[in-house]
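Worksheet for the structure shown next.
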C-alpha cells in the first residue's frame with residue numbers, strides 16, 4: 154500500500170531529473186529542499202523593482218536573479234555532477250550552481266517552488282507502486 158508523503162519545510166530529499174530523450178532517470182542526484190511560500194514571497198519582493206511604464210508605476214521582477222536565489226536556497230548538495238575537463242566530481246557551490254544547464258535549473262525550481270513538490274519527493278518505491286495505476290488511468294481515459 155502506498156502512502157502520501159508530506160515534506161516539511163526544513164527537510165531535504167533527493168531528486169534526479171529525467172533524460173528527455175530516453176525518459177530514464179539520470180545518475181546525477183540533487184539534494185533539494187522545498188521553498189516555503191513565505192520565503193518565496195520574500196525573495197520575489199527582494200527581486201522586484203517599481204518602474205514607470207506608459208506613465209504608470211508597475212512591478213518588474215528580475216526573473217533571472219529570482220531564479221538564481223531559488224536555486225541557491227533549494228539546491229543543498231549534489232552527487233554525480235562532473236567536471237567536463239577532468240571528469241572529477243564537483244562540489245556544490247553557489248558559483249557552480251549558476252553553471253548548471255537552464256533546463257536542470259528550471260526543473261529544480263519546478264520541483265522545489267512549484268505545486269508538484271510533494272509528488273516529486275515520493276520515494277522510488279512509491280512511484281513503482283503507482284505506475285501501473287497511472288498507466289491504467291491513462292489507457293482508460295485516452296490521456
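In our numbering, the protein residues as written are 154 to 296.
The C-beta atom is built at its ideal place from N, Cα and C for all residues, glycine as well.
Just so it is clear, the structure is predicted and the values come from calculations on it, not from any experiment.
Query                                                                                                         : Result
Can you tell me whether DSSP reads residue 184 as helix, strand or coil?                                      : strand
Are residue 219 and residue 196 touching if we call contact CB-CB under 8 Å?                                  : yes
Pull up the distance between the alpha-carbon of residue 210 and that of residue 194, whole angstroms please. : 20 Å
In whole angstroms, what separates the C-alpha of residue 173 from that of residue 155?                       : 27 Å
From residue 256 to residue 205, what does the alpha carbon distance come to, in whole angstroms?             : 32 Å
Going by DSSP, what residue range makes up the alpha helix (DSSP H) through residue 175?                      : Premise fails: residue 175 is in no alpha helix (DSSP H) and is neither H nor E.
So, residue 262 versus residue 223, is the Cβ gap smaller than 8 Å?                                           : yes
In terms of alpha-carbon separation, which member of 201, 202, 170, 234 lies closest to residue 260?          : 170
Is residue 195 helix, strand or coil when you go by DSSP?                                                     : helix
Rounded to whole angstroms, what is the Cα-Cα separation between residue 250 and residue 177?                 : 23 Å
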